[in-house]
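Participant: Sharing a structure with you now.
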Amino acid sequence: MVVILSWPSDYDRDPSVIYAVDERFRIVRCNPAWDTFALENNGSAAKESKVQGLSLFAVIPQVLSEYYDAGFQVARKEGRWQHDFDCSSARVTRRLRMTVTPFGSGLLFRNVVMKDTLAPPSEAVANFADYGPGINMCSHCRRVENRKANVWQWVPEFIEKVPAEIHSRLCPACWAYHYGDAGGSKETPVPAA
Ligand SMILES: [Zn+2]
């Protein structure tokens with residue numbers, strides 16, 4: 222049986238996405254903002270009713286699972302862990318700050334929007350063959366590797382129309398951000414709204 226702590230009604234009124242997982246990282250509770258966000262970004266398949274019991278590690282990109290695992294251990298040990306991450310669509314550049322705290326035998330997550338702006342114009346080159354075959358897309362910033370020019374570029378065309386063969390990778394910048402020496406968040410905090 223899953224035991225969760227009492228769920229403050231404030232969470233259900235909070236415009237930020239708040240959710241809880243149990244000790245095995247299975248999603249046990251989400252606030253209404255979860256559904257609003259899910260419907261805007263991932264469609265009805267990601268609604269709370271459909272993700273209950275789903276392991277968080279089933280949705281975390283594999284290249285980032287080690288990083289998040291370490292972060293969750295920090296949250297358990299030190300009572301809190303924060304991480305800024307991207308959740309951009311083809312049209313919107315969005316950065317969220319995740320705050321993870323212990324919650325019963327599991328963890329509580331609160332994702333606050335730090336930045337929500339129109340996405341920049343596409344950097345796509347004329348010849349799309351330069352990106353493939355087999356598109357390497359960064360799991361974090363969603364840039365794709367231009368293999369011919371050896372650079373990672375913002376090509377929202379590949380987000381809107383997902384190629385048949387696509388590989389989840391981390392671009393060098395996002396690799397350094399997650400696994401580099403400095404690690405963790407390098408952004409300056411902004412005052413709470
Ligand atoms: Zn990246």
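For any residue, its number in the numbering used here is found by taking its place in the sequence shown, counting from 1, and adding 221. Glycine included, every Cβ here is placed at the ideal spot set by N, Cα and C. As the structure is a prediction and not an experimental result, all values here were calculated from the model.
Taking 7 Å as the cut-off, is the C-beta of Arg364 nearer than that to any heavy atom in ligand 1?
Facilitator: Position 143 of the sequence shown, counted from the first residue, corresponds to residue 364. Arg364 Cβ: within cutoff of ligand 1.
Participant: Under the three-state reduction of DSSP, which class applies to Asn332: helix, strand or coil?
Facilitator: Taking the first residue of the sequence shown as position 1, residue 332 is located at position 111. Looking at Asn332 - three-state DSSP - the assignment turns out to be strand.
Participant: Alpha carbon to alpha carbon, how far is Ser406 from Arg316?
Facilitator: Start at 1 with the first residue of the sequence shown, and residue 406 comes out as number 185. Start at 1 with the first residue of the sequence shown, and residue 316 comes out as number 95. Any reading at Ser406 is ruled out, since the residue's pLDDT is 46, under 50, leaving its predicted position unreliable.
Participant: What are the start and end residues of the beta strand (DSSP E) that includes Glu366?
Facilitator: The count along the sequence shown starts at 1 and reaches residue 366 at position 145. First-last of the beta strand (DSSP E) with Glu366: Val365 to Asn367.
Participant: Beta-carbon within less than 7 Å of Ser343's beta-carbon, same chain only, minus the 5 sequence neighbours each way: which residues are those?
Facilitator: Residue 343 sits at position 122 when you count from the first residue of the sequence shown. Cβ neighbours of Ser343 beyond the five flanking positions: Trp375, Val376, Pro377 and Glu378.
Participant: Just grab the DSSP bridge partners of Gln294 for me.
Facilitator: Your numbering for residue 294 matches position 73 in the sequence shown. Gln294 pairs with nothing; no bridge assigned.
Participant: Out of curiosity, what's the CA-to-CA distance linking Ser270 and Ile248?
Facilitator: Within the sequence shown, the letter at position 49 stands for residue 270. Within the sequence shown, the letter at position 27 stands for residue 248. Going by the C-alpha atoms only, they are around 10 Å apart.
Participant: For Tyr240, write down the residues that DSSP places opposite it in a beta bridge.
Facilitator: Here residue 240 refers to the residue found at position 19 when the sequence shown is read from its first residue. Partner(s): Cys251 and Phe330.
Participant: Tell me whether Lys271 sits in a helix, a strand or coil according to DSSP, three-state version.
Facilitator: Start at 1 with the first residue of the sequence shown, and residue 271 comes out as number 50. It is helical.
Participant: Where Lys336 and Met319 are concerned, what is the direct C-alpha to C-alpha distance, given to the nearest angstrom?
Facilitator: Against the sequence shown, residue 336 aligns to sequence position 115. Against the sequence shown, residue 319 aligns to sequence position 98. Straight-line Cα distance between these residues: approximately 13 Å.
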